[in-house]
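Worksheet for the structure shown next.
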Amino acid sequence: MDKEITDILRKPYPISDCSIALLLQNMEEVNLSKGDTLFRIGQTDNHLYFIKKGCLRAYVPKEGKEINMWFAFEYDVLASMPGYVKNKPSDINVESIEDSTLLRFSRAKLEELFLNNIELANWGRKLIELEMLAIDRYYTIYNSINAKRRYELLLKEAPQLFQRAALKHIASIIGITPESLSRIRSSKK
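In terms of my numbering, the numbers along the sequence shown are unbroken and rise by one, the last being 177.
What follows is the structure in structure tokens.
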């Protein structure tokens, strides 16, 4: 068993080797090159992805610009929630910002596993709980502080982002222009 993959799958919840083997039987590895799109607005994608290697960003177009919603790195999980939960088209674009390797699971296969394996059902529940906490934290913290504080928090919580993403993408997720980000960064030196 690939230790890196088992570590990724055990991140949300500790599961047995037997359950890991079931997940591996139902997993597909997907390779993306920098700039590849995983899914676009209007496309339906009913898969759950774990990032084995790489970095992806979610964005929406608005008034001729790309507004970044989030970034995902190694061990993170992602999905087009409308597609995964309701089999509806995505409302975001997800693009690989560097060469990336993902582990892909179809919702149908996961549902079948959840019905037949309580350990995997608990793993899936824990996965959703962790994602809900992350979303809640984002909305309660990031929306209640100013741009300078959002920058500081992002630098503390995701320092790898500053080595791996373009400054215009970082500025967008903070909700400021690249010029404002440059001013904040230079005031910190």
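Ideal placement from N, C-alpha and C gives every residue a C-beta, glycine not left out.
Asked: Range of the contiguous beta strand (DSSP E) that encloses residue 56; Found: 53 to 60
Asked: Completely contained beta strand (DSSP E) runs for the region 17 to 81, where each covers 3 or more residues; Found: 25 to 27, 35 to 41, 44 to 50 and 53 to 60
Asked: Where residue 45 falls, given that 16 or more other Cβ within 10 Å makes a residue buried; Found: buried
Asked: Through-space distance from residue -6 to residue 8, alpha-carbon basis; Found: 7 Å
Asked: Range of the contiguous alpha helix (DSSP H) that encloses residue 165; Found: Residue 165 -> no alpha helix (DSSP H), and no H or E assigned at all.
Asked: CA nearest to the CA of residue 64, picked from 43, 80 and 34; Found: 43
Asked: Status (buried if at least 16 other CB within 10 Å, exposed otherwise) for residue 52; Found: exposed
Asked: Three-state secondary structure (DSSP) of residue 83; Found: strand
Asked: Euclidean distance between Cα positions of residue 55 and residue 23; Found: 16 Å
Asked: Coarse secondary structure for residue 170, derived from DSSP in three states; Found: helix
Asked: Spatial distance of residue 87 from residue 38 (CA atoms); Found: 14 Å
Asked: Cβ pair residue 84, residue 132 closer than 8 Å; Found: no
Asked: Candidates 68, 156 and 91, of which the one nearest residue 62 by Cα; Found: 91
Asked: Residue 41 to residue 137 span [Cα, whole Å]; Found: 29 Å
Asked: Exposed unless 16 or more other CB atoms sit within 10 angstroms - verdict on residue 19; Found: exposed
Asked: Residue 7 in three-state terms, based on DSSP; Found: helix
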